[in-house]
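In the numbering used here, the protein residues as written are 6 to 374.
Structural data, given as structure tokens:
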């Protein structure tokens with residue numbers, strides 16, 4: 006019994022010694038491990054619900070645009086550069102809204118895959134931004150300070166499962182600098198037409214960190230002036246050159262040996278003048294060079310003694326016609342100068358020289374801004 010107790014006592018003592026030595030051994034291992042150099046992680050940036058990563062390994066199609074690329078692109082606005090990306094090629098840039106619809110003048114909307122700006126979600130630091138157009142969630146990207154942008158992440162695949170129905174075509178996320186401290190000035194001057202019209206822009210950003218970089222305040226201001234470029238100021242458009250049909254062949258003899266179309270310059274039109282045009286009811290006879298497949302409509306005799314004889318209800322009786330068409334010159338009206346009329350059919354709205362506005366200006370006089 007005594008020998009068995011000595012053996013048990015010895016085993017208990019040995020177990021106690023091993024238990025006491027275990028922490029020391031673990032401490033030795035920890036100290037040996039702590040001597041190895043640890044990797045330093047300077048910053049982890051989380052945008053939205055996705056961690057920034059190499060676009061080639063991203064689970065969704067992703068395009069990254071850096072701040073340096075935006076500032077050195079030479080484009081006058083941020084949306085002008087984004088519109089050079091194929092997926093955003095149909096974005097609304099300021100020049101698209103010249104003389105167009107209400108509520109979009111001067112606005113810049115990202116439009117992914119041409120599905121509409123309302124289906125392209127625009128975020129700032131992963132958060133939704135207030136809409137810029139009435140009745141729409143579309144965001145004017147020029148409302149984001151360009152000098153404060155760190156980079157832009159564009160999800161070109163449908164992201165509605167993550168962000169909602171307004172991200173059907175994708176997401177454009179503007180990531181800003183959260184700790185800018187100092188003063189930054191960026192300016193741009195460019196000539197956009199050989200007549201000397203210029204673009205001018207100056208942007209100023211100032212910021213300051215407070216409370217051990219826990220608070221950052223910034224102020225941003227931008228001034229931009231775009232000289233107007235009218236259609237007539239652009240060389241090739243000011244020449245108003247177009248190919249015009251000058252002969253309409255009958256169906257029975259489609260080849261009559263007469264040239265069907267010719268190239269003309271200085272084309273003008275009086276079909277919708279800004280200052281107005283008035284055409285009296287008249288008989289405009291057809292000719293071999295007009296459309297012979299359209300039967301001539303007899304408008305009757307239109308004169309002061311028998312006004313009821315004229316057919317005023319037919320549009321063919323009130324077409325532009327020399328001797329019957331008047332244009333307004335100040336407060337007075339005078340007979341229009343048709344120059345040299347070109348075209349076919351009863352309604353020939355084009356003439357070389359004479360009165361009217363340039364045909365290239367028809368519908369839009371100003372191209373930029």
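C-beta atoms are modelled at their ideal positions from N, C-alpha and C, and glycine is treated no differently.
Over the uninterrupted alpha helix (DSSP H) stretch that includes residue i, give me the two end residues.
| i | result |
| --- | --- |
| residue 168 | 165-168 |
| residue 72 | 72-76 |
| residue 84 | 83-87 |
| residue 240 | 240-243 |
Using the three-state DSSP reduction, which class does residue i fall into: helix, strand or coil?
| i | result |
| --- | --- |
| residue 96 | coil |
| residue 256 | coil |
| residue 330 | strand |
| residue 191 | strand |
| residue 175 | strand |
| residue 65 | coil |
| residue 149 | coil |
| residue 353 | coil |
| residue 120 | coil |
| residue 270 | coil |
| residue 264 | coil |
| residue 359 | coil |
| residue 3 | Residue 3 is absent from the structure shown; the chain starts at 6 and stops at 374. |
Who are the near neighbours of residue i in its chain, counting only those whose CB is closer than 6 angstroms to its CB and skipping five residues on each side?
| i | result |
| --- | --- |
| residue 203 | 196, 232 |
| residue 194 | 205 |
| residue 417 | In the structure as shown, the chain starts at 6 and stops at 374, and residue 417 therefore has no counterpart that could be examined. |
| residue 283 | 331 |
| residue 333 | 280, 281 |
| residue 242 | 236, 365 |
| residue 261 | 254 |
| residue 215 | none |
| residue 159 | 68, 177 |
Quick check: residue i and residue j, are their CB atoms within less than 8 angstroms of each other?
| i | j | result |
| --- | --- | --- |
| residue 172 | residue 126 | yes |
| residue 221 | residue 185 | yes |
| residue 117 | residue 92 | yes |
| residue 278 | residue 362 | yes |
| residue 115 | residue 167 | no |
| residue 357 | residue 349 | no |
| residue 156 | residue 251 | no |
| residue 212 | residue 223 | yes |
| residue 65 | residue 131 | no |
| residue 153 | residue 182 | yes |
| residue 342 | residue 359 | yes |
| residue 245 | residue 208 | no |
| residue 370 | residue 235 | yes |
| residue 135 | residue 149 | no |
| residue 147 | residue 82 | yes |
| residue 274 | residue 364 | yes |
Just reading off the beta strand (DSSP E) that residue i is part of, what are its end residues?
| i | result |
| --- | --- |
| residue 250 | 247-250 |
| residue 336 | Neither: residue 336 is in no beta strand (DSSP E) and is coded neither H nor E. |
| residue 156 | 154-160 |
| residue 113 | It is not in any beta strand (DSSP E) - residue 113 carries neither H nor E in the DSSP assignment. |
| residue 228 | 220-231 |
| residue 185 | No beta strand (DSSP E) contains residue 185, which DSSP labels as neither H nor E. |
| residue 207 | 203-215 |
| residue 282 | 282-284 |
| residue 372 | 371-373 |
| residue 346 | 345-347 |
| residue 236 | Taken as a continuous stretch (DSSP letters only), residue 236 belongs to no beta strand (DSSP E), as it is neither H nor E. |
| residue 129 | 125-129 |
I'd like the list of long-range same chain contacts for residue i, defined as Cβ closer than 8 angstroms, with 5 residues on each side in sequence excluded.
| i | result |
| --- | --- |
| residue 218 | 184 |
| residue 188 | 209, 210, 211 |
| residue 338 | 283, 331, 332 |
Could you pull out every residue in the same chain whose Cβ sits closer than 7 angstroms to the Cβ of residue i, ignoring the five residues on either side in sequence?
| i | result |
| --- | --- |
| residue 122 | 97, 114, 115, 116, 143 |
| residue 174 | 117, 118, 120, 124, 125, 163 |
| residue 94 | 88 |
| residue 266 | 248, 249, 250, 251 |
| residue 198 | 234, 238, 239 |
For the putative contact between residue i and residue j, defined by C-beta atoms under 8 angstroms, what is the C-beta separation to the nearest angstrom?
| i | j | result |
| --- | --- | --- |
| residue 355 | residue 347 | 5 angstroms |
| residue 145 | residue 112 | 5 angstroms |
| residue 268 | residue 151 | In fact, because the Cβ distance is near 45 angstroms, the residues do not count as touching under 8 angstroms. |
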